[in-house]
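Student:
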Amino acid sequence: MEKDVNIISKPPKEVVVTPGGIMTPISRMSFLKYLGISTAAASLLFTASSCSDDDDGPGSVNLGSGDTGILNYAYLLEQLEAAFYVKVTASFYASIPDAEKTILQDIRDHELAHRDFFKKALGKDAIADATFDFSSIDFTNRSSVLGAAKTFEDLGVSAYNGAGKLLVSADLLLIAGKIVSVEARHASAIRDLLNPYSADFAGDDIVTVSNGLDASNPPATVLTAARTYVKTSVDFSGLPS
Amino acid sequence: MNFFKIIEAIEKTDPEVYERLDSRRAMFKNMAGFSTKVAVAAAPIAVASVFKKAYGRGAAADSVVDVLNYALTLEYLESSFYNEGVDSGVIPANRLAIFNQIKKHESAHVTFLVNTIKSLSGTPVSEPDFDFTAGGAYSTVFSDYNVFLTLSQAFEDTGVRAYKGRAGELISNDAVLTAALQIHSVEARHASVVRRLRAEKGWITGATGSPSASYAGEDNKTQATIDITTLGAGYSVNAATEAFDEPLTKDQVLAIVAPFIQS
Numbered sequence: 001m002e003k004d005v006n007i008i009s010k011p012p013k014e015v016v017v018t019p020g021g022i023m024t025p026i027s028r029m030s031f032l033k034y035l036g037i038s039t040a041a042a043s044l045l046f047t048a049s050s051c052s053d054d055d056d057g058p059g060s061v062n063l064g065s066g067d068t069g070i071l072n073y074a075y076l077l078e079q080l081e082a083a084f085y086v087k088v089t090a091s092f093y094a095s096i097p098d099a100e101k102t103i104l105q106d107i108r109d110h111e112l113a114h115r116d117f118f119k120k121a122l123g124k125d126a127i128a129d130a131t132f133d134f135s136s137i138d139f140t141n142r143s144s145v146l147g148a149a150k151t152f153e154d155l156g157v158s159a160y161n162g163a164g165k166l167l168v169s170a171d172l173l174l175i176a177g178k179i180v181s182v183e184a185r186h187a188s189a190i191r192d193l194l195n196p197y198s199a200d201f202a203g204d205d206i207v208t209v210s211n212g213l214d215a216s217n218p219p220a221t222v223l224t225a226a227r228t229y230v231k232t233s234v235d236f237s238g239l240p241s
Numbered sequence: 001m002n003f004f005k006i007i008e009a010i011e012k013t014d015p016e017v018y019e020r021l022d023s024r025r026a027m028f029k030n031m032a033g034f035s036t037k038v039a040v041a042a043a044p045i046a047v048a049s050v051f052k053k054a055y056g057r058g059a060a061a062d063s064v065v066d067v068l069n070y071a072l073t074l075e076y077l078e079s080s081f082y083n084e085g086v087d088s089g090v091i092p093a094n095r096l097a098i099f100n101q102i103k104k105h106e107s108a109h110v111t112f113l114v115n116t117i118k119s120l121s122g123t124p125v126s127e128p129d130f131d132f133t134a135g136g137a138y139s140t141v142f143s144d145y146n147v148f149l150t151l152s153q154a155f156e157d158t159g160v161r162a163y164k165g166r167a168g169e170l171i172s173n174d175a176v177l178t179a180a181l182q183i184h185s186v187e188a189r190h191a192s193v194v195r196r197l198r199a200e201k202g203w204i205t206g207a208t209g210s211p212s213a214s215y216a217g218e219d220n221k222t223q224a225t226i227d228i229t230t231l232g233a234g235y236s237v238n239a240a241t242e243a244f245d246e247p248l249t250k251d252q253v254l255a256i257v258a259p260f261i262q263s
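These protein sequence lines are chains A and B, in that order.
For the first sequence, our numbering gives the first residue as 1, with consecutive numbering after it.
For the second sequence, our numbering gives the first residue as 1, with consecutive numbering after it.
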């Protein structure tokens with residue numbers, strides 16, 4: 001009788017096996033949650049550092065907890081966006097029209113203002129400056145730059161939308177509200193530059209058709225998506241959920 | 001503008017409205033002598049203070065359902081505006097993709113809010129009758145694309161500020177607060193594209209815009225006691241005011257939209 005031979009030619013993806021026996025690939029975070037590992041514990045797996053989690057070393061930052069944690073989370077995302085647009089505007093892609101230059105410079109200034117606002121507001125509780133990796137973006141190419149801008153803006157909107165309920169202070173909620181609508185204006189403008197006069201400014205890919213609601217994501221999802229661009233390890237295990 | 005219909009309706013819910021109007025009673029007596037412009041300009045203030053009693057609750061906080069009904073009123077306004085706009089033919093064919101998308105969202109917002117209010121055992125307000133000419137102030141709203149665009153921008157920017165101004169009142173309900181934020185950012189996407197169709201920036205610089213009440217306070221450059229222009233290497237006042245959108249209160253918003261509501 002022949003034996004069944006199971007040759008694993010490549011590492012298995014994280015999967016869950018539903019009662020029906022169907023194996024479905026799922027995100028790493030969902031898999032860990034499925035195993036019963038809390039989001040907090042799972043988030044530690046994303047950090048390179050093991051101990052000394054209260055110290056911000058050059059390779060890692062700890063966002064902290066409570067409203068401070070959420071502000072640091074926002075501060076990190078604004079650091080990311082600011083760094084990106086500073087790079088974009090330091091050396092524009094070839095033949096960029098003046099109108100686009102102005103738009104990107106405006107957005108840069110807004111993100112820098114957001115970043116510096118959070119830094120000031122957080123004071124001694126602010127995380128250190130993170131380092132970023134934009135090597136996957138071709139800054140000489142309009143599609144690559146605007147595509148990345150669209151990703152960052154949409155992600156930022158979803159991050160603020162998802163963080164609102166995690167804040168305790170109504171004052172901080174208002175501040176977050178004042179910023180998220182500006183990020184959404186950015187996102188709309190970038191999307192319109194990519195496909196002018198189309199529905200893409202608020203496309204069906206980002207605004208749910210059935211209810212007209214924009215994307216909203218929890219910190220774990222946002223930070224996982226941002227990992228491509230954030231070199232610094234981020235400990236977000238203390239964030240409210 | 002059907003000011004008298006509004007007063008009639010309010011009188012039914014609040015018979016003491018004339019007592020509160022006090023010194024403004026003369027204005028009502030002399031209504032016939034007012035030019036349309038003056039009436040439209042003066043009306044929102046009187047109407048707003050009237051709404052304060054009829055719609056507000058004085059010192060007590062509004063409930064989550066109250067805030068959702070406020071949002072629903074605004075979504076009814078936008079949805080009706082864009083339905084009429086698309087039907088009227090005032091929008092050029094090559095811009096319909098944009099306005100059909102906006103219209104689709106506003107209609108979805110209406111449905112979503114109605115369902116959410118019902119799920120909270122609340123009663124959704126019924127759709128008001130609208131007059132998008134605001135009693136003749138915008139008589140060509142559905143025949144002149146530029147006028148249509150002006151009002152579209154005003155409604156979107158005001159909508160963003162309206163949601164922003166009352167999100168704090170939803171803090172007791174995570175799901176509703178999140179949904180409100182998710183609608184609020186969509187309105188901001190709308191506002192941005194409409195502004196750019198008018199050759200404006202997608203973001204608001206200073207307190208510039210029409211009607212001025214929709215942009216009052218947008219020239220703020222201080223956030224949480226921090227002067228934005230003094231941060232980092234320094235930011236222009238323009239950048240500082242653009243980087244943060246400002247809220248509007250319930251009273252401010254109701255005053256802005258009152259001229260467009262007939263009943």
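The beta carbon of each residue, even a glycine, is placed where N, CA and C say it ideally should be.
Since this is a predicted model, take the numbers as computed values, not measurements.
1) Note the first and the last residue of the continuous alpha helix (DSSP H) segment covering residue 154 of chain A.
2) From residue 90 of chain A to residue 168 of chain A, what distance separates their C-alpha atoms?
3) Between residue 192 of chain B and chain A, is there a C-beta pair that is closer than 7 Å?
4) Are residue 165 of chain B and residue 96 of chain B closer than 7 Å when you measure CB to CB?
5) Which residues mark the beginning and the end of the beta strand (DSSP E) in which residue 235 of chain A is found?
6) Indicate the three-state DSSP secondary structure (helix, strand or coil) for residue 81 of chain B in the structure shown.
7) Between residue 229 of chain A and residue 223 of chain A, what straight-line distance do the alpha-carbon atoms span, to the nearest angstrom?
8) Quick check on residue 195 of chain A - is its C-beta less than 7 Å from some C-beta in chain B?
9) First and last residue of the beta strand (DSSP E) that includes residue 60 of chain A?
10) Between the C-alpha atoms of residue 234 of chain A and residue 106 of chain B, what's the straight-line distance to the nearest angstrom?
11) Can you tell me whether residue 114 of chain B is buried or exposed, with buried defined as 16 or more other CB within 10 angstroms of its CB?
12) If you draw a straight line from the C-alpha of residue 100 of chain B to the C-alpha of residue 85 of chain B, how long is it?
13) Identify which residue in A/160, A/123, A/137, A/60 has its Cα closest to the Cα of residue 149 of chain A.
14) If you drop the 5 nearest sequence neighbours on each side, which residues of the same chain put their C-beta closer than 6 Å to that of residue 109 of chain B?
15) At 7 Å on the CB atoms, spell out the chain B contacts of residue 207 of chain A, in chain order.
16) Which residues does DSSP pair with residue 132 of chain A in a beta bridge?
17) Check whether chain A comes within 7 Å of residue 141 of chain B, counting only Cβ atoms and requiring the distance to be less than that.
18) With a threshold of 7 Å between beta carbons, is residue 66 of chain A in contact with chain B?
19) When we look at the beta-carbon of residue 239 of chain A and count the other beta-carbons within 10 Å, is it buried (16 or more) or exposed?
20) Hey, quick one: how far does the alpha helix (DSSP H) through residue 197 of chain A stretch, first residue to last?
21) Note down the Cα distance separating residue 157 of chain B from residue 187 of chain B, rounded to an integer number of angstroms.
22) Spatial neighbours of residue 193 of chain A within its chain, please: CB distance less than 8 Å, with the 5 preceding and 5 following residues excluded, ordered by chain position.
23) Determine the chain B residues that contact residue 161 of chain A at a beta-carbon separation under 8 Å, and present them in chain order.
24) I'd like to know whether the C-beta of residue 211 of chain A is nearer than 7 Å to at least one C-beta of chain B.
25) What did DSSP end up calling residue 53 of chain B once you bin it into helix, strand or coil?
26) With a cut-off of 7 Å, does the C-beta of residue 59 of chain B fall near any C-beta of chain A?
27) To which residues of the same chain is residue 7 of chain B closer than 6 Å at the C-beta, ignoring the five residues directly before and after it?
28) May I have the straight-line CA-CA distance separating residue 159 of chain B from residue 218 of chain A, to the nearest angstrom?
29) Does the beta-carbon distance from residue 164 of chain A to residue 174 of chain A come in below 7 Å?
30) For the alpha helix (DSSP H) holding residue 99 of chain B, just list the boundary residues, first then last.
31) Cβ of residue 141 of chain B within 7 Å of Cβ of residue 132 of chain B?
32) So, helix, strand or coil for residue 107 of chain A, using DSSP?
33) Take residue 117 of chain B as the anchor and find which of B/178, B/246, B/65, B/71 has the nearest alpha-carbon.
34) So residue 157 of chain B is in the alpha helix (DSSP H); what residue range does that whole segment cover?
35) By the three-class DSSP mapping on this structure, what secondary structure does residue 130 of chain B have?
36) Check whether the segment 218 to 238 of chain B and the segment 115 to 130 of chain A touch, using three or more Cβ-Cβ pairs below 8 Å as the test.
Tutor: On the basis of the supplied data:
1) In this chain, the alpha helix (DSSP H) harbouring residue 154 of chain A covers 142 to 163.
2) Taking the straight line from one Cα to the other gives about 39 Å.
3) The Cβ of residue 192 of chain B sits closer than 7 Å to at least one Cβ of chain A.
4) Result no, Cβ atoms of residue 165 of chain B and residue 96 of chain B do not sit closer than 7 Å.
5) In the DSSP assignment, residue 235 of chain A falls within the beta strand (DSSP E) that extends over 233 to 235.
6) Helix, per DSSP.
7) Each residue's alpha carbon lies about 10 Å from the other.
8) No - not a single Cβ of chain B is within 7 Å of the one on residue 195 of chain A.
9) Where residue 60 of chain A is concerned, the enclosing beta strand (DSSP E) stretches over 60 to 62.
10) Looking at the two C-alpha atoms, the distance is approximately 38 Å.
11) Residue 114 of chain B comes out buried.
12) So the two alpha carbons sit approximately 10 Å from each other.
13) Closest option to residue 149 of chain A, judged by alpha-carbon separation, among A/160, A/123, A/137, A/60: A/137.
14) So the qualifying residues of the chain are 75, 183.
15) Counting only Cβ-Cβ distances below 7 Å, residue 207 of chain A has contacts in chain B at 105, 186, in chain order.
16) Beta-bridge pairing links residue 132 of chain A to A/230.
17) Answer no: the Cβ-Cβ gap between residue 141 of chain B and chain A never drops below 7 Å.
18) Chain B, which has no Cβ nearer than 7 Å to the Cβ of residue 66 of chain A, makes this no.
19) With 16 or more other Cβ atoms within 10 Å, it is buried.
20) Where residue 197 of chain A is concerned, there is no enclosing alpha helix (DSSP H), given that its DSSP letter is neither H nor E.
21) When the Cα atoms are used, residue 157 of chain B and residue 187 of chain B turn out to be separated by approximately 8 Å.
22) Answer for residue 193 of chain A: 100, 103, 146, listed in chain order.
23) Think of a sphere of 8 Å around the beta carbon of residue 161 of chain A: the chain B residues whose beta carbon falls inside it are 178, 181, 182, 185, in chain order.
24) So yes, residue 211 of chain A belongs to the interface.
25) Caution applies to residue 53 of chain B, whose pLDDT of 36 falls short of 50 and renders its modelled position unreliable; the value that the coordinates give is listed next. If DSSP states are grouped into helix, strand and coil, residue 53 of chain B belongs with the helices.
26) Residue placement at residue 59 of chain B cannot be trusted, given a pLDDT of 48 that sits under 50; the coordinates are not used to answer.
27) Legend: pLDDT at residue 7 of chain B = 49, less than 50; position of this residue unreliable, value from coordinates given subsequently. A distance below 6 Å between beta-carbons, with the five flanking residues on each side excluded, links residue 7 of chain B to no residue of its chain.
28) Rounded to whole angstroms, residue 159 of chain B to residue 218 of chain A spans 25 Å at the Cα level.
29) No, the Cβ-Cβ distance between residue 164 of chain A and residue 174 of chain A is not below 7 Å.
30) Note, residue 99 of chain B: alpha helix (DSSP H), 96 to 119.
31) Using a Cβ distance threshold of 7 Å, residue 141 of chain B and residue 132 of chain B count as a contacting pair.
32) Helix at residue 107 of chain A.
33) When the alpha-carbon of residue 117 of chain B is set against those of B/178, B/246, B/65, B/71, the nearest one is in B/65.
34) That run of the alpha helix (DSSP H) goes 145 to 166.
35) Residue 130 of chain B sits in a strand when the DSSP states are folded into three classes.
36) Enough Cβ pairs lie closer than 8 Å, so yes.
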